[in-house]
Structure formats: structure tokens, C-alpha cells
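Report on the following structure.
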Amino acid sequence: MADNVKPKVRVPKTATAGEAFVIKTLISHPMESGQRKDGDGNLIPRSIINRFTCDFEGENVIDMTMEPAISTNPYVEFEAMVQASGTMTFTWYDDDGSVYTETKDIEVS
Amino acid sequence: MKFTRRNTMLMAFGTAAAAMLPARAMASVEEIIATFTGGAAVGDAGLTLTAPEIAENGNTVPIEVSAPGAVSIMVLATGNPTPGAATFNFGPLAGSQAASTRIRLAKTQDVMAIAKMADGSFVQVTQEVKVTIGGCGG
Numbered sequence: 000m001a002d003n004v005k006p007k008v009r010v011p012k013t014a015t016a017g018e019a020f021v022i023k024t025l026i027s028h029p030m031e032s033g034q035r036k037d038g039d040g041n042l043i044p045r046s047i048i049n050r051f052t053c054d055f056e057g058e059n060v061i062d063m064t065m066e067p068a069i070s071t072n073p074y075v076e077f078e079a080m081v082q083a084s085g086t087m088t089f090t091w092y093d094d095d096g097s098v099y100t101e102t103k104d105i106e107v108s
Numbered sequence: 000m001k002f003t004r005r006n007t008m009l010m011a012f013g014t015a016a017a018a019m020l021p022a023r024a025m026a027s028v029e030e031i032i033a034t035f036t037g038g039a040a041v042g043d044a045g046l047t048l049t050a051p052e053i054a055e056n057g058n059t060v061p062i063e064v065s066a067p068g069a070v071s072i073m074v075l076a077t078g079n080p081t082p083g084a085a086t087f088n089f090g091p092l093a094g095s096q097a098a099s100t101r102i103r104l105a106k107t108q109d110v111m112a113i114a115k116m117a118d119g120s121f122v123q124v125t126q127e128v129k130v131t132i133g134g135c136g137g
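These protein sequence lines map, in sequence, to chains A and B. Everything in the first sequence is counted per numbering that gives the first Met the number 0, starting at 0 for the first residue and increasing by one. Everything in the second sequence is counted per numbering that gives the first Met the number 0, starting at 0 for the first residue and increasing by one.
Here's what the structure looks like:
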């Protein structure tokens with residue numbers, strides 16, 4: 000239902016094993032809270048991303064539950080720490096059942 | 000507009016309902032906390048909540064939570080129509096038990112964070128954020 004949902008993720012290309020690095024994620028999404036009214040005074044139904052997860056090779060980094068109080072275009076910044084090279088998978092779950100994913104490779108030395 | 004008995008009754012009911020709203024929101028904040036902590040005692044050390052003192056635009060208020068050793072951190076906007084904001088659950092590969100995001104605040108209110116520590120204890124921290132323009136639309 001939400002149009003033009005586009006995830007953006009910033010992960011460093013390389014990292015040192017056992018050292019934390021910062022990951023920044025942004026996804027364009029209206030995050031309709033279900034509190035707003037349209038011009039005729041009717042409530043606009045809620046339509047948000049309710050969950051965001053980040054995994055590395057099947058192991059979880061962060062699992063976040065989002066509520067309507069999260070701003071439009073949800074931005075999340077956190078840290079991860081890995082021991083070997085691999086792929087990071089980012090997943091966003093929409094209220095309407097859509098799932099948006101993004102992957103990034105990271106090289107660990 | 001003519002004030003009929005029916006209109007007056009409706010208005011009185013509306014005012015009463017509006018007056019009840021803040022009380023109901025507070026109750027649900029307590030309910031949410033109780034669900035999260037399971038009624039356990041809540042301490043106040045080891046959790047940092049970084050939020051601006053004054054937020055000009057309530058639509059995007061940057062916040063950051065950090066609690067070394069936490070398994071999950073819940074953020075509540077106690078003055079919002081729905082107080083829950085976000086819950087961060089940290090997995091085994093989290094580099095630190097910290098995260099930041101942007102939240103909406105309807106009005107000047109206390110933002111609260113509660114962390115569940117690895118040993119099962121809970122800590123909470125509260126900070127007031129003054130909001131110039133509310134962020135829940137109306």
C-alpha cells in the first residue's frame with residue numbers, strides 16, 4: 000500500500016574482527032500513525048512498519064519493534080560486531096504484510 | 000446554533016470523554032511497563048537516554064538509548080495517544096547495547112526508557128522533552 004518504499008543502509012565495507020562498527024538505516028515510508036484525520040474528518044487508517052531486524056549470516060544483531068510514534072521515514076542507528084566476512088540482511092515488516100529487505104556484504108580482516 | 004437539550008447533553012459527554020483521555024493514557028503507560036517488567040522492581044542506574052531538552056518539531060525527535068549489558072530496551076512517549084514508541088532487542092552480534100532513532104511527540108512530555116538487563120533486572124530513566132510544535136497531526 001505504501002508507495003516508493005526504498006530502504007537505504009550504510010555499512011562500512013571493511014571491519015576489524017571483534018570491533019564494533021556503526022550501521023545506519025533509513026527507509027522511506029509514510030508511517031501513518033492512525034491518529035491523523037483527512038480533510039473530511041475521517042481517521043486515516045494506521046499503516047506503519049512494525050518491525051525491523053538486522054541479521055548477519057543467520058545470527059541476530061538487533062530486532063526492533065516499531066510503534067506509531069516512530070517518525071516518517073524511520074531511521075535507526077546501531078552497532079554490530081562480527082568475527083568473519085559475510086552478508087548482513089536487513090528486513091522491514093510492513094503492517095500490510097509487505098516485507099522489504101536489503102543486503103550488504105562486509106569484509107572482515 | 001440553538002442549544003437544545005440534546006446538544007447540551009452531547010457537549011457535556013464530549014467534554015467528559017476528553018477529560019478522561021489523559022488519565023486513560025497514563026493507565027496504559029503503567030500497563031505497558033507492567034507487561035514489560037512483569038511487575039518486577041525497577042532500578043535507575045546503568046541506562047542512558049539522550050533526547051533534546053527542547054524539540055522544535057515534534058514530528059522527528061532524535062533519541063538515543065544506551066544500556067551496557069541490556070537484552071532489550073523499551074522507549075515510551077508517555078504523553079502520546081499511544082505511549083509505546085519502540086522496543087530494541089539486542090542479538091548476540093550487537094556491537095553495543097545502544098541504538099538511536101527518531102520519534103514523534105504529540106506535546107511536551109516525559110520520554111521514558113526501560114531496559115531489561117541480562118540478569119533479569121530492570122532499570123528505567125525519564126527525561127522531559129519540551130515540544131514547540133506537536134507531531135501527531137490532528
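Every residue, glycine too, gets a C-beta built ideally from N, C-alpha and C.
Presumed contact (8 Å Cβ cut-off) between residue i and residue j, rounded CB distance
i, j, result
"B/ALA85", "A/THR64", "6 Å"
"B/PHE87", "B/VAL64", "7 Å"
"B/VAL139", "B/GLY42", "Lying before the first or after the last residue shown, residue 139 of chain B is absent from chain B, which here runs from 0 to 137."
"A/ILE43", "A/ARG35", "5 Å"
"B/ILE102", "B/ILE62", "6 Å"
Partner residues on chain A for residue i, Cβ-Cβ distance less than 7 Å
i, result
"B/PRO80", "GLN34"
"B/GLY133", "Chain A residues near B/GLY133: none, gap ~11 Å exceeds 7 Å."
"B/GLY94", "ALA19, PHE20, GLU78, ALA79, MET80"
"B/THR59", "SER70"
"B/SER99", "GLU76"
"B/PHE89", "ILE61"
Cβ-based neighbour list, residue i, same chain, cut-off 7 Å, excluding 5 preceding and 5 following
i, result
"B/ALA22", "At B/ALA22, the pLDDT of 49 sits below 50, so the modelled position is not reliable and the matter cannot be decided from this model."
"B/GLY137", "Any reading at B/GLY137 needs caution, since the residue's pLDDT is 43, under 50, leaving its predicted position unreliable; the model's value is listed next. Nothing listed; no residue qualifies."
"A/ASN3", "SER27"
"A/ARG45", "GLU31, SER32, GLY33, PRO67, ASP94"
"B/ALA44", "VAL122"
"A/GLY17", "MET80, GLN82"
"A/VAL10", "ILE22, MET87, LYS103, ILE105"
"B/GLY83", "ILE31, LEU75"
Host beta strand (DSSP E) of residue i (start-end)
i, result
"B/ALA105", "Taken as a continuous stretch (DSSP letters only), B/ALA105 belongs to no beta strand (DSSP E), as it is neither H nor E."
"A/LYS7", "6-9"
"B/GLY38", "Neither: B/GLY38 is in no beta strand (DSSP E) and is coded neither H nor E."
"B/LEU75", "69-76"
"A/ARG50", "48-55"
"A/ASP95", "Counting along the chain, A/ASP95 falls outside any beta strand (DSSP E), and DSSP gives it neither H nor E."
"A/LEU25", "20-26"
"A/GLN82", "That residue, A/GLN82, is in no beta strand (DSSP E); it is neither H nor E in DSSP."
"A/GLN111", "Limits of chain A in this structure are 0 at one end and 108 at the other, which puts residue 111 of chain A out of reach."
"B/PRO91", "Unbroken run through B/PRO91: none, as it is neither H nor E."
"A/ASP62", "58-65"
Contact list for residue i against chain B, beta-carbon separation under 8 Å
i, result
"A/SER27", "In chain order: nothing, as chain B lies at least about 13 Å away."
"A/PRO73", "THR100, ARG101"
Proximity to residue i [Cα-Cα], best of the options
i, options, result
"A/ILE61", "A/ASP93, A/MET87, A/PRO11", "A/MET87"
"A/PRO29", "A/THR71, A/MET80, A/ASP94, A/SER108", "A/THR71"
"A/PHE20", "B/GLY68, B/SER95, B/THR49, B/GLU52", "B/SER95"
"B/THR125", "B/THR49, B/GLY37, B/SER27, B/GLY38", "B/THR49"
"B/THR100", "B/ALA44, B/ASN79, B/MET73, B/GLY90", "B/MET73"
"A/LYS7", "A/ILE105, A/SER108, A/THR100", "A/THR100"
"B/VAL128", "B/GLY78, B/PRO91, B/GLY90, B/LEU92", "B/GLY78"
"A/GLY96", "A/ASN41, A/THR15, A/ARG50, A/SER108", "A/ARG50"
"A/ILE69", "B/PRO80, B/THR36, B/GLU30, B/LYS115", "B/PRO80"
Proximal residues to residue i (C-beta, below 8 Å), its chain only, five neighbours per side dropped
i, result
"A/THR102", "THR86, MET87, THR88, PHE89"
"B/LEU92", "none"
Under 7 Å from the C-beta of residue i: neighbouring residues of chain B
i, result
"A/PHE55", "LEU92"
Contact test: residue i Cβ vs the ligand FAD heavy atom, cutoff 8 Å
i, result
"B/MET116", "Judged by which ligands are present, the structure shown has none, so any question about the ligand FAD falls away."
Neighbourhood of residue i by C-beta distance below 6 Å, restricted to the same chain and skipping five residues each side
i, result
"B/ALA97", "SER65"
"A/ALA79", "ILE22, VAL60"
"B/VAL130", "ALA54, GLY57, LEU104, LYS106, THR107"
"A/THR52", "ASP62, THR90"
"A/LYS5", "SER27"
"B/ASN47", "In the sequence as presented, Asn is not what sits at residue 47 of chain B; that position holds Thr. The answer, listed in chain order, is SER65."
"B/ALA33", "none"
"B/ALA39", "PHE121"
"B/ALA114", "LEU46, ALA66, ALA69, ILE72, VAL122"
Residue i: contacting residues in chain A (beta-carbon distance under 8 Å)
i, result
"B/ALA138", "Residue 138 of chain B cannot be examined here, being either before or after the span of chain B that is shown, 0 to 137."
is_contact[residue i, chain D] using C-beta, thresh 9 Å
i, result
"B/LEU104", "The structure shown contains no chain D; its protein chains are A and B."
Within chain B, partners of residue i - CB distance below 9 Å
i, result
"A/GLU58", "GLY90, PRO91, LEU92"
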